[in-house]
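J.: Structure below; questions to follow.
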Amino acid sequence: MKVHADRGRCVAAGQCILAAPEVFDQAEEDGIVIVRLPEPPAEAHRAVRDAVRDCPVRALSLS
Amino acid sequence: MESTFAPLPAHADLPVVPLGDAAAWVDLHATLAAAREASPFGITDAGLPVALRFAEVEYILKSDQFEFGDLIAAVGQTEGPFYDWWHETISAFNPPAHTRLRRLLAAAFTARRVNDLRPTIRRVVEDALEPCLERGYMDIVDFAHVLPMRIMGGVLGIPREDVTVFDTLTDQLASGFNVATSKDPVGVANVNSALKELQEYAAEMVRDRRAHPKDDIVSTLVQERDGIDRLTDAELVAHIVFMIFAGHDTTKGATQIATMLLAKHPDQTALIRENPDLSGAAVDEVMRYESPVVMTTRQPLADLEIEGVPFVQGRPIGVVLVSAARDPRGFERADQFDICRTERRAIGFGSGIHFCLGANLAKAELQEAVRGLATRTASIELTHDVAWQPFKTLRGFDELRLAVTPS
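For the record, the sequence lines run as chains A and B. Under the working numbering, the first residue of the first sequence is numbered 1, with each subsequent residue one higher. Under the working numbering, the first residue of the second sequence is numbered 1001, with each subsequent residue one higher.
Structure below.
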């Protein structure tokens, strides 16, 4: 699993951080998503899928 | 949500959602389900077209062919201080201006910032719960009233003695979104005078925090950040007033509803009592099962059709969150309150680029309230039937008393 974030689309809702805090973070200055683990371990996959689903602007995708 | 626009002839065949009839509010879910099962779109008896099913609601909220509904124009106002204020706030903007404001404001609401505020939130919850536990009962309306105001006061840095004044002014400002108020010159004058007081207070806060930064949201927003664009003083004032307004009735309603649901579903409350970490999931389910916001509005940027139904540029559409959340096409066992559900949940914060800016703060407030209510009590019971207020697009109760036994 590879996680992609479109930082141009992101509106800093912070829902991905709530769903998968070990994989996502928010930039201090503007709240925009930071992918901490672009290739997350298997045990985080479910939380990452939740994060992708919960993003209000579809800024996250998987490959 | 009201509108003074005349309905389109093409909407004449849509099922009517009689939100102007008090009877429709007794069981709002049944009212909405009747229309939703007939069609993806309905029309209120006031002539506002409404999206009812999960797929269409999601589509409209996430689509870049729509902008936020002009709530002030919808109630018949096209000028004046109230109109000007609303059009300075983030809701009224589209990208790229929206994107800029969103990023500047979002810095104050990141998950990390909200976590820093948790001790303040927890203390407010404890203080509000304590007297209820001593008395053995709780008036939900009082509890839910005190909580968001003190928390919002705490995070914005409003002194405790000013909180009541804010409460009254915010109610007065909120009345501006009603057709009746905006048609009455006295009503309009009251709205504008409340707005002026709130703006003056906000301007004073900006001056004060610039000179003496504190650990609050206003200080975060006014801070100079090298090499990064920042909010102008006018933008700061408009948005401080906006945050006071947006965090007021919404959070009050959500707190009332969360408390009511814990009392009504002791099996679910017992789960939280055993495992307080479930309070996050419980709040997501509260925000799905009984969203405090009945609907939000969007308007098309150009004439368009969805599912063969035409919509006109600049004419608002009600996007009914309460209905989408109970759509069996969107959720399994949609009518069941289940804090352990694993599919998509909270819909009450909206979606798309206007997704609630304060959602993380609201969630933290509600989580602390739910955790406190479950863990500090041995039981919470309703002492009479639940009666929802009619005609309120921000939902809640006039009164509701609970019996509480301390743990």
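Don't be surprised by glycine CBs; every beta carbon is placed ideally from N, CA and C. The structure displayed is predicted, hence computed values, not measured ones.
With a threshold of 9 Å between beta-carbons, can Pro21 (chain A) be considered close to chain B, or not?
T.: Yes, contact with chain B.
J.: For Arg1329 (chain B), which residues from the same chain have a beta carbon less than 7 Å from its beta carbon, with the 5 sequence-adjacent residues on both sides left out?
T.: Cβ neighbours of Arg1329 (chain B) beyond the five flanking positions: Arg1053, Phe1054 and Ala1055.
J.: Please state the DSSP three-state secondary structure of Ala59 (chain A).
T.: DSSP places Ala59 (chain A) in coil when its eight states are reduced to three.
J.: Closest Cβ-Cβ distance between Glu29 (chain A) and chain B: below 9 Å?
T.: With 9 Å as the cut-off, Glu29 (chain A) counts as an interface residue toward chain B.
J.: So, with DSSP's three-state summary, where would you put Gly1318 (chain B)?
T.: DSSP places Gly1318 (chain B) in strand when its eight states are reduced to three.
J.: Which residues mark the beginning and the end of the beta strand (DSSP E) in which Arg1421 (chain B) is found?
T.: Nothing can be reported for residue 1421 (chain B), as the shown portion of chain B is limited to 1001 through 1407.
J.: Take every Cβ of the region 1161 to 1169 of chain B, pair it with every Cβ of the region 1274 to 1290 of chain B, and state whether three or more of those distances are shorter than 8 Å.
T.: These segments do not touch.
J.: Go ahead and pull the three-state DSSP assignment for Arg53 (chain A).
T.: It is helical.
J.: Under a CB-based cut-off of 9 Å, is Pro41 (chain A) close to chain B?
T.: Chain B, which has no Cβ nearer than 9 Å to the Cβ of Pro41 (chain A), makes this no.
J.: Determine the extent of the beta strand (DSSP E) in which Leu1402 (chain B) is found, giving its start and end residues.
T.: Where Leu1402 (chain B) is concerned, the enclosing beta strand (DSSP E) stretches over Arg1401 to Pro1406.
J.: Contact defined as beta carbons within less than 8 Å: I believe Ala1325 (chain B) pairs with Ser1291 (chain B). What is the distance between those atoms, to the nearest angstrom?
T.: 6 Å between Cβ atoms; contact.
J.: Please tell me whether Arg1361 (chain B) and Val1155 (chain B) are closer than 9 Å, where the distance is taken between their beta carbons.
T.: The sequence shown places Leu at residue 1361 (chain B), rather than the Arg named in the question. Taking 9 Å as the Cβ cut-off, Leu1361 (chain B) and Val1155 (chain B) qualify as a contacting pair.
J.: Which residues share a DSSP beta bridge with Gln26 (chain A)?
T.: Partner(s): A:Val33.
J.: Give me the Cα-Cα distance between Glu1058 (chain B) and Val1319 (chain B), rounded to the nearest whole angstrom.
T.: Their Cα atoms are separated by approximately 9 Å.
J.: Can you name the residues of chain A whose CB is closer than 7 Å to the CB of Phe1355 (chain B)?
T.: Correct list: Val11, Ala13 and Pro56.
J.: Return the bridge partner residues of Ala1044 (chain B) from the DSSP annotation.
T.: First, the residue type needs correcting, since residue 1044 (chain B) is Thr and not Ala in the sequence shown. Thr1044 (chain B) pairs with B:Val1017.
J.: Go to Glu1161 (chain B), then tell me how far its beta strand (DSSP E) extends in each direction, as first and last residue.
T.: Per DSSP, Glu1161 (chain B) belongs to no beta strand (DSSP E) and is neither H nor E.
J.: Just the chain B side, please: which residues come within less than 8 Å of Leu18 (chain A) by C-beta, in chain order?
T.: By Cβ distance, chain B contributes Ala1111, Gly1280, Asn1360 and Lys1363.
J.: Glu1197 (chain B) lies in the alpha helix (DSSP H); which residues open and close that run?
T.: Taken as a continuous stretch (DSSP letters only), the alpha helix (DSSP H) holding Glu1197 (chain B) covers Pro1185 to Ala1211.
J.: If we cut at 9 Å on Cβ distances, does Lys1196 (chain B) have a partner in chain A?
T.: For Lys1196 (chain B), the answer is no, since every Cβ of chain A falls outside 9 Å of its Cβ.
J.: For the alpha helix (DSSP H) containing Asp1233 (chain B), list its first residue and its last residue.
T.: Asp1233 to Ala1246 is the extent of the alpha helix (DSSP H) around Asp1233 (chain B).
J.: Between Val1312 (chain B) and Ala1012 (chain B), what straight-line distance do the alpha-carbon atoms span, to the nearest angstrom?
T.: Distance between the alpha carbons of Val1312 (chain B) and Ala1012 (chain B) is about 15 Å.
J.: With distances taken between CB atoms, is the gap from Thr1297 (chain B) to Phe1093 (chain B) smaller than 9 Å?
T.: Contact: no.
J.: Which of the three DSSP states is assigned to Glu1381 (chain B) in this structure?
T.: Reduced to three states, the DSSP call for Glu1381 (chain B) is strand.
J.: Which residues does DSSP pair with Val3 (chain A) in a beta bridge?
T.: DSSP lists A:Leu62 as partners of Val3 (chain A).
J.: In terms of residue numbering, what span does the beta strand (DSSP E) encompassing Glu1305 (chain B) cover?
T.: That run of the beta strand (DSSP E) goes Leu1304 to Ile1306.
J.: Sorted by chain position, which residues of the same chain lie with C-beta nearer than 8 Å to Thr1393 (chain B)'s C-beta, five sequence neighbours on each side aside?
T.: Met1001, Val1293, Val1294 and Met1295, listed in sequence order.
J.: Exposed or buried, Phe1066 (chain B), counting other C-beta atoms within 10 Å across all chains shown (16 or more means buried)?
T.: Under this definition Phe1066 (chain B) is a buried residue.
J.: Tell me which residue opens and which closes the beta strand (DSSP E) that Val1309 (chain B) is part of.
T.: Looking at the DSSP string, the run of the beta strand (DSSP E) that includes Val1309 (chain B) is Val1309 to Phe1311.
J.: Would you mind telling me which residues of chain B sit closer than 9 Å to Ile32 (chain A), beta carbon to beta carbon, in chain order?
T.: Within 9 Å Cβ-Cβ: Arg1103 and Ala1106.
J.: Can you grab the Cα-Cα spacing for the pair Leu1105 (chain B) / Asp30 (chain A), in whole Å?
T.: Using only the alpha carbons, I get a separation of about 8 Å.
J.: Could one say the Cβ of Ser1351 (chain B) lies closer than 9 Å to chain A's Cβ atoms, at least one of them?
T.: So, interface residue.
J.: Taking Cβ-Cβ distances shorter than 9 Å, what residues in chain A pair up with Lys1062 (chain B)?
T.: Pro56, Val57 and Arg58, listed in chain order.
J.: Mind checking if Thr1383 (chain B) is an interface residue toward chain A, Cβ cutoff 9 Å exclusive?
T.: Answer no: the Cβ-Cβ gap between Thr1383 (chain B) and chain A never drops below 9 Å.
J.: Leaving out five residues before and five after Pro1310 (chain B) in sequence, what residues of the same chain have Cβ atoms less than 6 Å from its Cβ?
T.: Same-chain partners within the cutoff: Ala1010.
J.: So, for Ala1144 (chain B): in the same chain, excluding its five sequence neighbours on each side, which residues have a beta-carbon less than 7 Å away from its beta-carbon?
T.: Closer than 7 Å at Cβ, skipping near neighbours: Lys1252, Thr1255, Gln1256 and Thr1259.
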